[in-house]
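Heads up, the thing below is written out as structure tokens.
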Amino acid sequence: GVCHSDIHQIDNAWGVASFPLVPGHEIVGRVVAVGEGVGRFQIGEAVAIGVQRGSCGSCSCCLSGMDNVCAKILKTYAGLGND
């Protein structure tokens, strides 16, 4: 399915879309390889990520468990940086 926020991104309804854009931010897959020192994930394990892929980890929002409203939030789309 398609999340309605994907439609907002396609239409640039919020004025923050970055093009080119591949809509869809509920990403699911399986681990096919791991790097040296990786202990959290195993090959073949199912993994997923929502729209948020990172935050600063040190602001008052992050430290109080509210990293979803961090001013430096990193998203899977409509944001700067590489995935």
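Residue numbers for the sequence shown, in my numbering: 194 to 276.
Backbone N, C-alpha and C define an ideal beta-carbon position, used for all residues, glycine too.
What you are looking at is a predicted structure, and each value in this text was computed from that prediction instead of being measured.
Residue 201 vs residue 269 beta-carbon contact at 8 Å:
no
Would residue 221 and residue 235 qualify as a contact pair, given that the criterion is a beta-carbon distance under 8 Å?
no
With distance defined between alpha-carbon atoms, name the residue in 243, 207 and 259 nearest to residue 250.
259
If we call anything under 8 Å between Cβ atoms a contact, is residue 243 one with residue 267?
Contact: no.
Pick out the complete beta strand (DSSP E) segments inside the stretch 225-252, 3 residues or longer, and give them in chain order.
239-242 and 245-247
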